[in-house]
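When the letters of the sequence shown are read in order and numbered with the working numbering, they come out as residues 344 to 561.
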Amino acid sequence: MRLVLLGPPGAGKGTQANVLSQKYGLLHISTGDLLREAVKNKTPVGQEAKKFMDKGELVPDEIVTQMIIEKFKHSDISPGFILDGFPRTKRQAQILDQALAELNLPLDMVLYFETGEDTILKRLTGRRVCQNCGYNFHIVNIPPKNEGICDYCSGKLYHRQDDKEETIRNRIKVYNEQTRELIDYYQIKGLIKKASGDLEVEALFSILQKIFKETRLI
Ligand code: AMP
344 MRLVLLGPPG
354 AGKGTQANVL
364 SQKYGLLHIS
374 TGDLLREAVK
384 NKTPVGQEAK
394 KFMDKGELVP
404 DEIVTQMIIE
414 KFKHSDISPG
424 FILDGFPRTK
434 RQAQILDQAL
444 AELNLPLDMV
454 LYFETGEDTI
464 LKRLTGRRVC
474 QNCGYNFHIV
484 NIPPKNEGIC
494 DYCSGKLYHR
504 QDDKEETIRN
514 RIKVYNEQTR
524 ELIDYYQIKG
534 LIKKASGDLE
544 VEALFSILQK
554 IFKETRLI
């Protein structure tokens, strides 16, 4: 299965990508995670990307597409993959189409998680991320067993710099201005399936499984 998860920040793309990749043995590729890793390691790309990420702006297309192409080159993507947070602009989508056409591995489906602004704000202001393994918790919806500590690797949990309310509002604006048009882009290609990003994790996951069955992806 080759999937793209599309939707605003806080739509649950990362969480569903985690669940789906485990269930179906797919490679989970998150450009946000790749960029945060580069920031943590203070690489030249990370230092450049940080300037945009801290403000909730998009990192330039050249940086992000290069990252994805490298990832494709150095991973076995033949069993399938989930792209989480990529593409985010039309240019990125075109470059992705071209790269996948060259590999003869076209996309099967683009899952669009339609999500209300209330849900986005509640999810992101309460989100806490493990600084070691990257697992996402939520102070109300998915609290860790011990406050501030990851259930899986005992790493410390942190509140992402870009999950502060003002930055979230900018990320929503950026999504509406630069990413939302991808719904039409993929609609024309007949790839879009819509599901509600307002649903809780398990409810959304069962809907996705239903979609996969109906379209014979599983
Ligand atoms: P995410 O973890 O997907 O919410 O991404 C966090 C931040 O990383 C975004 O707000 C952007 O600054 C940057 N980012 C992640 N993916 C992309 C992308 N495909 N294009 C441009 N910037 C991105």
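For every residue, glycine included, the Cβ atom is placed at its ideal position computed from N, Cα and C.
It should be emphasised that the depicted structure is a prediction, and the values quoted were computed from it without experimental measurement.
(message) Distance check for residue 394 and residue 505, CA to CA, integer angstroms please.
(response) 11 angstroms
(message) Between which residues of its own chain and residue 446 is the CB-CB distance below 8 angstroms, once the five residues before and five after are set aside?
(response) 415 and 420
(message) Suppose the cutoff is 7 angstroms on Cβ atoms and the five residues either side in sequence are ignored; what does the same chain contact list for residue 488 look like?
(response) 494
(request) Count the other CB atoms, across all protein chains shown, that sit within 10 Å of the CB of residue 436; report buried if there are 16 or more and exposed otherwise. (result) buried
(request) Just list the alpha helix (DSSP H) runs in the segment 466-550, keeping only unbroken ones of 4 residues or longer that don't cross its boundaries, in chain order. (result) Within the segment 466-550, the complete alpha helix (DSSP H) runs of at least 4 residues are 508-517 and 525-531.
(message) So, for residue 474: in the same chain, excluding its five sequence neighbours on each side, which residues have a beta-carbon less than 6 angstroms away from its beta-carbon?
(response) 498, 499 and 501
(message) Quick check on this structure: which residue in 517, 538, 547 and 486 has the alpha carbon closest to the alpha carbon of residue 432?
(response) 517
(request) With DSSP collapsed to three states, give me the class of residue 364. (result) helix
(request) Note down, in chain order, each residue of its chain lying with its Cβ closer than 8 angstroms to the Cβ of residue 390, except the 5 sequence neighbours on either side. (result) 382
(message) Out of 405, 352 and 410, which one is the CA nearest neighbour of residue 588?
(response) The question about residue 588 has no answer here: the residues shown for the chain are numbered 344 through 561.
(message) Which residue wins for smallest C-alpha separation from residue 558, given the options 546, 535 and 375?
(response) 535
(request) For the alpha helix (DSSP H) holding residue 445, just list the boundary residues, first then last. (result) Unbroken alpha helix (DSSP H) run through residue 445: 433-446.
(request) Select from 512, 365 and 434 the residue whose C-alpha is nearest the C-alpha of residue 408. (result) By alpha-carbon distance to residue 408, the top candidate from 512, 365 and 434 is 434.
(message) Using CA atoms only, rank isn't needed, just tell me which of 561, 539, 549 and 553 is closest to residue 355.
(response) 539
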